[in-house]
Amino acid sequence: MNDLLSVKTMLLAPANHLELFVKAKDSGADGIIIDLEDTIALSEKDKVREIIIDYFKNSSPIKNFLRCLRINSIKTPAGLKDIIALIDNQISPDVIIIPKTEYPEEIIFLDMLLKQNPMYYIALIETAIGLHHADEIALSSKNIKGIFLGGRDLSADLGSTLTWDSMLYARSKLVRSAAIAGIAVFDTPYFNLDDLDDSGILEETRKVKELGFTGKFVIHSKHIKSILEVFMSSKEDVEHAQCIIDIYEKAKGCSCEFDGKLISTTMVRAAKKKLRCK
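For the working numbering, add 6 to where a residue sits in the sequence shown, where the first one is 1.
As structure tokens, this is what we get:
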């Protein structure tokens, strides 16, 4: 099973703020995305890269918590340095976030570089070209475990706004691409930090869940509770889903029903999805 399908939210944190890594574990998030890209100035990347390599060398994996690394684009010298540093130091983050992914060949190239030490990836789709090739990117490697909408950069590339309506096509396409490949799909962070009553983050999260997104990443820990509130199944939902699965499995292929309704394979798939959210 693709473990990322059960991930609902991860917290993005600049790679030069190690103190945030410890706080992230207690935030309620499923993991942290340590960012070597957007939040680190070009002049600082070499120094911060060394800090992150030391962090992974001198720390152990954390149970039920993903430590992900957003590298620089592999189409840049900084991105290639990131990969070489991981290889040379035999470092394996739980997941690598690949920014500005535009072509499946980028993933294939990364697979070749990491052949001796394969890693899992989330492809970050944040350009018009990347959106155009989203299906091929999602299917490009068995190591691709998710795709992630970079809404702010994509809207800039498209010349659009970051409103719900303007991003609806992009969101819908990524959901389809992820469904074709059977991988996770994560929505862009909610950027309004002045949403005092959380109504905005709750509404947007409900909408992306209805579209088919499996999770939503955050740039501030204050949004984690709202996202989990939307994505996590209630106790009643879990019990209902488990009943459907139990009845279906006991029937061993014979016709069966629950609450007066025939149980279909579609219902079983939906029930299993709810169990991943418990």
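The beta carbon of each residue, even a glycine, is placed where N, CA and C say it ideally should be.
Assigned secondary structure, residue i (DSSP; H/G/I helix, E/B strand, else coil)
i	result
residue 13	coil
residue 20	strand
residue 175	helix
residue 221	strand
residue 127	strand
residue 94	helix
residue 122	coil
residue 249	helix
residue 46	coil
residue 68	strand
residue 263	strand
residue 165	coil
residue 75	strand
residue 268	strand
residue 197	coil
C-alpha gap between residue i and residue j, whole angstroms
i	j	result
residue 133	residue 216	24 Å
residue 83	residue 42	13 Å
residue 277	residue 250	7 Å
residue 296	residue 62	Here the chain comprises residues numbered 7 to 284, so residue 296 is not present and cannot be evaluated.
residue 104	residue 85	9 Å
residue 10	residue 36	10 Å
residue 95	residue 87	12 Å
residue 196	residue 207	6 Å
residue 167	residue 256	51 Å
residue 38	residue 78	17 Å
residue 7	residue 189	Because residue 7 carries a pLDDT of 39, less than 50, the predicted location of this residue cannot be relied on, and no value is offered for it.
residue 60	residue 44	21 Å
residue 118	residue 258	43 Å
residue 155	residue 172	13 Å
residue 204	residue 212	12 Å
residue 51	residue 80	14 Å
residue 68	residue 266	45 Å
residue 48	residue 128	23 Å
residue 89	residue 275	37 Å
residue 231	residue 16	12 Å
residue 12	residue 72	12 Å
Closer than 7 Å: residue i CB and nearest the ligand FAD heavy atom
i	result
residue 118	This structure lacks the ligand FAD, and indeed carries no ligand of any kind.
Same chain, Cβ closer than 7 Å to residue i, five either side skipped, listed in chain order
i	result
residue 141	183, 186
residue 214	177, 193, 222
Integer-rounded CB distance, given that residue j should sit under 8 Å from residue i
i	j	result
residue 234	residue 34	6 Å
residue 18	residue 224	7 Å
residue 31	residue 237	Not really, about 19 Å apart at Cβ, beyond 8 Å.
residue 54	residue 21	5 Å
residue 131	residue 153	6 Å
Contacts around residue i, its chain only, beta-carbon distance under 6 Å, and the 5 residues preceding and following it disregarded
i	result
residue 75	40, 99, 102
Cβ neighbours of residue i in the same chain (closer than 8 Å, five flanking residues each side left out)
i	result
residue 262	253, 254, 256, 268, 269
residue 135	108, 109
residue 29	227
Are the stretch 107 to 114 and the stretch 145 to 156 in contact at 8 Å, needing three or more beta carbon pairs? Three or more beta-carbon pairs drawn from the stretch 107 to 114 and the stretch 145 to 156 are found closer than 8 Å, and the two stretches are therefore classed as touching.
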